[in-house]
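Residue numbers (our numbering): 1303 to 1541.
Where is the CB? At the ideal position from N, CA and C, for every residue including glycine.
Structure representation (structure tokens):
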């Protein structure tokens, strides 16, 4: 009787061990099956890239505005110097029909050195703005890549879940292109101002150049709205 009981106990242990092994294998199998979702990581990577791009847009625009303010201060100094010289020349022409070459020689070298330094400073600002604009173009390019990846992922399927709240992925590319175009045109204008400001001999045109640098006419009023909408959609701004 004792032998039978021991035998039954041993069999029960074996059964329980076998059941435990089967349950363990089943759990491992379910975990393995649950982790094989090849499509989801692509979308999560895309969402992360779009969110990072939105943050980069914000930071680049802040840097642009800071450089624009500094550039305006430099351009203002150049404009004031030019206007002062034009006014002085006008007074000299009104008081005397003949300007001494000797006196002109004393004024021009000092003036030219100071003006040259200011122009170099403004050129450095323009170079920095150019680098920022190139980075903006790159953001648009990477956003286009995310759109192409999504098109490859979904194919002809039109029903695509948004990466964040409501925007389709293509909307991020549209906004990036709109912003890039604005800043590209603004950069061209600033390049013209840098090239012409120091050589301008008309007071009104000099002031116009200065005003255009400050007010940035190619950055349309809704550019800020586009940026804030993108930050809101990607979660950088609270709903």
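Beta-carbon spacing of residue i, residue j below 8 Å
{"i": "residue 1532", "j": "residue 1356", "result": "yes"}
{"i": "residue 1436", "j": "residue 1482", "result": "no"}
{"i": "residue 1445", "j": "residue 1475", "result": "yes"}
{"i": "residue 1515", "j": "residue 1377", "result": "yes"}
{"i": "residue 1362", "j": "residue 1434", "result": "yes"}
{"i": "residue 1499", "j": "residue 1508", "result": "yes"}
{"i": "residue 1383", "j": "residue 1424", "result": "no"}
{"i": "residue 1353", "j": "residue 1536", "result": "yes"}
{"i": "residue 1527", "j": "residue 1534", "result": "no"}
Among the options, the one whose alpha carbon lies nearest that of residue i
{"i": "residue 1430", "options": "1523, 1367, 1378", "result": "1367"}
{"i": "residue 1351", "options": "1465, 1424, 1460", "result": "1465"}
{"i": "residue 1494", "options": "1483, 1428, 1382, 1468", "result": "1428"}
{"i": "residue 1380", "options": "1455, 1353, 1415", "result": "1415"}
{"i": "residue 1359", "options": "1459, 1441, 1510", "result": "1441"}
{"i": "residue 1511", "options": "1365, 1460, 1385, 1525", "result": "1385"}
{"i": "residue 1447", "options": "1460, 1497, 1478, 1489", "result": "1478"}
{"i": "residue 1489", "options": "1519, 1461, 1504", "result": "1519"}
{"i": "residue 1501", "options": "1374, 1375, 1421", "result": "1421"}
{"i": "residue 1487", "options": "1419, 1460, 1432", "result": "1432"}
{"i": "residue 1347", "options": "1471, 1374, 1538, 1496", "result": "1471"}
Helix, strand or coil at residue i [DSSP, three-state]
{"i": "residue 1462", "result": "coil"}
{"i": "residue 1415", "result": "helix"}
{"i": "residue 1595", "result": "Given that the chain is displayed from residue 1303 to residue 1541, the structure contains no residue 1595 and the question cannot be resolved."}
{"i": "residue 1511", "result": "helix"}
{"i": "residue 1493", "result": "helix"}
{"i": "residue 1425", "result": "helix"}
{"i": "residue 1475", "result": "helix"}
{"i": "residue 1449", "result": "helix"}
{"i": "residue 1501", "result": "helix"}
{"i": "residue 1524", "result": "coil"}
{"i": "residue 1539", "result": "coil"}
{"i": "residue 1518", "result": "coil"}
{"i": "residue 1457", "result": "coil"}
{"i": "residue 1309", "result": "A caution first: residue 1309 carries a pLDDT of 42, below 50, which makes its placement in the model unreliable, though a value can still be read off. The answer is helix: DSSP assigns residue 1309 an H, G or I state."}
{"i": "residue 1529", "result": "helix"}
{"i": "residue 1329", "result": "Any reading at residue 1329 is ruled out, since the residue's pLDDT is 42, under 50, leaving its predicted position unreliable."}
Three or more C-beta pairs below 8 Å linking the segment 1451-1462 and the segment 1370-1390: no
Beta strand (DSSP E) segments (min. 3 residues) lying fully within the segment 1344-1380: The qualifying runs do not exist here; there are none.
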